[in-house]
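Numbering (UniProt numbering), first residue to last: 1 to 743. A short write-up of the structure that comes next.
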């Protein structure tokens, strides 16, 4: 483990070993341990831990008495007694002033935020707060202490007494422990020494950084109890927002204390207890042992006396109550609440360990998610993704609302749990499925070639295995020579777990048919029979076939309906909804495609003649790609004309010209006097969880076109999200959010 744990989590005067029968009357030694990076040349354990079967029997005769002193570095903007910032990793001695350097005549000024954090932590630890406390000078000589003393608190600290509750992990037997707190006091940090081959240098950037020192009662008996106590302190200060920078593993504490128990027990068994002296010992990760670092001073060596340059710290009960009202739900309270929900202790410990995870879980429950299913998703797939990508839960795009919607879909039987976790996006896998279906159904292929195109739902065209995952993801562009050799293009659309073969025999180069764009592949063939449907019941203010105004204004005059047409599954879902639920006879349907002026596609379309630097194959590929992207609009138009022959359909193309796509769409709506604007939306777990949620200092994310148009468009705008063949649609408007229209 690296450098220091809590910048010095160590056993204090209370770490001792004695025979159990003499526990109340005898103290045999004191141990101070600082966790530091190994000094050995190898990281392989050297088996220096004296724990053997013989030693285990010796250890059983003794009881370890362990107390922990913890230094918590506070998350203040400036230092404790001056206005210098502390920026970790700054150039040495770049954040210092005369106060940090201890120059004569420089007087400290107290940072009130340090007092606020101290009171907050004291309340969380159930301590008794001192209404009047003071600072003292702790005097010792060390190169990184320029003043020759450290400003600390001695006889009247800010908080006295208290306790902390800890739940031990199940792998260590579980159980509940309560450890006492001796005191909490404020102090400043020292600088640090930078050692090199040419000597040592002093960096005072850290000098004066505020610390809270938490001293526990000697209530711990094993290394795992000590490690869990330290982890709970870390968890507590992170919940409070008091401390943000800390270690991520406490295994070294566990191992170091277990080693020291064995070492001291061996000395006692050999009547060499006098060799256990008050010292600071270093934990070597490589050799898995503790070694002497330096002798530890006694209390008298520090020569404490009151700090004359700082006044007493006076706080009132009203001030304490105001801070108490800001305390969040603490880890212990959260664990008990999760237990009352019926969660197992394993689930409880995982969810309450990280405040961000617990907040995510609580928000998902507020959105209606099932308790156990939400816990399983967060602990399973979400946690695995976070671990693999080395992210925190705040950095993913998945939101509690989306998780709740997914769980509701699974629980309601709309999709299965497996569909929620998986989707097939590998073209080679889809290629194999298509090839297998064609080979197993030669008769249907010949019938299709002969003109019998209504093979949808044919019981003879079934996929063996698990097609559900593919059902949720539209096909990618499949450039498979085995399929291209056919004179018809098999288009696979999974409906009721059946394949539908659609013919789009477009002759391409060398006599082979082109592979159409995936948007065209995804258009449902049964839209052809859509005109035979009867109008359905009204949907939040507009007819299932007549969408005029979301406030309920209806009319029979021909309308202009515009669909934002892009080469993607979202536009396909939007168009499908328009054709099946919105458009009426004699309406005008406009397919609008907006291209980015600087995009590679636009450049290709503007340059029909390939550049001389391009190879023949590259030029041919570029032309083929551009042709396919032009064809998807015509394909959409053809489907519209077949599905709704009495509806006038036309295509509009425009370029952004360096502007936002949303503003160009709104402009076109005004020019054409559009009555209804429809745009596809995409909000699924598989896509939401891939990527980062931009926060903090990260640049703002790109404007979401659909959301912007829904809120800003002067005409009625409907965002459509297709939820699978049986899942229906989720519709969003300015006044109606997440309206689920079943298929």
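Backbone N, C-alpha and C define an ideal beta-carbon position, used for all residues, glycine too.
Among the residues of its own chain, which have a CB less than 7 Å from the CB of residue i, if the five just before and after it don't count?
{"i": "residue 664", "result": "594, 654 and 656"}
{"i": "residue 646", "result": "585 and 586"}
{"i": "residue 738", "result": "730 and 732"}
Classify residue i as helix, strand or coil using the three-state DSSP reduction.
{"i": "residue 720", "result": "strand"}
{"i": "residue 664", "result": "helix"}
{"i": "residue 316", "result": "coil"}
{"i": "residue 361", "result": "helix"}
{"i": "residue 98", "result": "helix"}
{"i": "residue 71", "result": "strand"}
{"i": "residue 230", "result": "helix"}
{"i": "residue 90", "result": "coil"}
{"i": "residue 474", "result": "Residue confidence is low: residue 474 scores 37 on pLDDT, short of 50, so the model does not pin down where it sits. Its coordinate-derived value is still stated next. In this structure, residue 474 counts as coil in the three-state DSSP scheme."}
{"i": "residue 590", "result": "strand"}
{"i": "residue 254", "result": "helix"}
{"i": "residue 777", "result": "Within the shown structure, residues of the chain are numbered from 1 to 743, placing residue 777 beyond reach of any answer."}
{"i": "residue 259", "result": "helix"}
{"i": "residue 380", "result": "helix"}
{"i": "residue 137", "result": "strand"}
For residue i, is the classification buried or exposed, using 16 other Cβ atoms within 10 angstroms of its Cβ as the cut-off for buried?
{"i": "residue 300", "result": "exposed"}
{"i": "residue 360", "result": "buried"}
{"i": "residue 204", "result": "buried"}
{"i": "residue 662", "result": "buried"}
{"i": "residue 571", "result": "buried"}
{"i": "residue 98", "result": "exposed"}
{"i": "residue 405", "result": "buried"}
{"i": "residue 735", "result": "exposed"}
{"i": "residue 218", "result": "buried"}
{"i": "residue 132", "result": "exposed"}
{"i": "residue 723", "result": "buried"}
Hey, is residue i close to the ligand SAH, as in C-beta under 7 Å from one of its heavy atoms?
{"i": "residue 344", "result": "By its list of ligands, the structure shown contains no ligand whatsoever, and the ligand SAH lies outside what it can speak to."}
Identify which residue in the options has its Cα closest to the Cα of residue i.
{"i": "residue 55", "options": "259, 193 and 213", "result": "259"}
{"i": "residue 312", "options": "156, 673, 348 and 640", "result": "156"}
{"i": "residue 189", "options": "411, 74, 364 and 676", "result": "74"}
{"i": "residue 586", "options": "570, 572, 709 and 649", "result": "649"}
{"i": "residue 569", "options": "174, 679 and 363", "result": "679"}
{"i": "residue 231", "options": "72, 729 and 366", "result": "72"}
{"i": "residue 93", "options": "146, 110 and 638", "result": "146"}
{"i": "residue 670", "options": "713, 638, 660 and 681", "result": "713"}
{"i": "residue 376", "options": "347, 57 and 389", "result": "347"}
{"i": "residue 309", "options": "122, 150 and 166", "result": "150"}
{"i": "residue 399", "options": "411, 382 and 389", "result": "382"}
{"i": "residue 364", "options": "562, 161, 378 and 194", "result": "378"}
{"i": "residue 355", "options": "288, 222, 394 and 410", "result": "394"}
{"i": "residue 708", "options": "729, 733 and 90", "result": "733"}
{"i": "residue 566", "options": "632, 721 and 558", "result": "632"}
{"i": "residue 338", "options": "321, 358 and 319", "result": "358"}
{"i": "residue 268", "options": "61, 91, 366 and 740", "result": "61"}
{"i": "residue 139", "options": "705, 197, 302 and 58", "result": "302"}
{"i": "residue 321", "options": "122, 711 and 401", "result": "122"}
{"i": "residue 212", "options": "183, 224 and 199", "result": "183"}
If contacts are defined as beta-carbon pairs under 8 Å, then residue i and residue j qualify, I think. What distance do you get, rounded to the angstrom?
{"i": "residue 226", "j": "residue 68", "result": "6 Å"}
{"i": "residue 715", "j": "residue 675", "result": "6 Å"}
{"i": "residue 108", "j": "residue 236", "result": "Contact flag wrong, Cβ pair sits at about 28 Å."}
{"i": "residue 177", "j": "residue 170", "result": "Contact flag wrong, Cβ pair sits at about 14 Å."}
{"i": "residue 164", "j": "residue 125", "result": "6 Å"}
{"i": "residue 403", "j": "residue 369", "result": "6 Å"}
Which same chain residues, not among the five before or five after residue i, have their C-beta less than 6 Å away from its C-beta?
{"i": "residue 373", "result": "407"}
{"i": "residue 371", "result": "341"}
{"i": "residue 294", "result": "280"}
{"i": "residue 210", "result": "74, 76, 80 and 114"}
{"i": "residue 746", "result": "With the chain represented from 1 up to 743, any question about residue 746 goes unanswered, as that position is not in the structure."}
{"i": "residue 161", "result": "127 and 128"}
{"i": "residue 277", "result": "none"}
Note down, in chain order, each residue of its chain lying with its Cβ closer than 8 Å to the Cβ of residue i, except the 5 sequence neighbours on either side.
{"i": "residue 306", "result": "134, 135, 136 and 137"}
{"i": "residue 120", "result": "240, 242, 323, 326 and 327"}
{"i": "residue 613", "result": "Residue placement at residue 613 is flagged as unreliable, the pLDDT there being 41, under the threshold of 50; a coordinate-derived value is accordingly withheld."}
{"i": "residue 290", "result": "33, 256, 259, 260, 263, 281, 282, 283 and 284"}
{"i": "residue 640", "result": "575, 579, 589, 591, 647 and 649"}
{"i": "residue 96", "result": "84, 204, 205 and 207"}
{"i": "residue 386", "result": "392, 393 and 396"}
{"i": "residue 82", "result": "97, 99, 100, 108, 109 and 208"}
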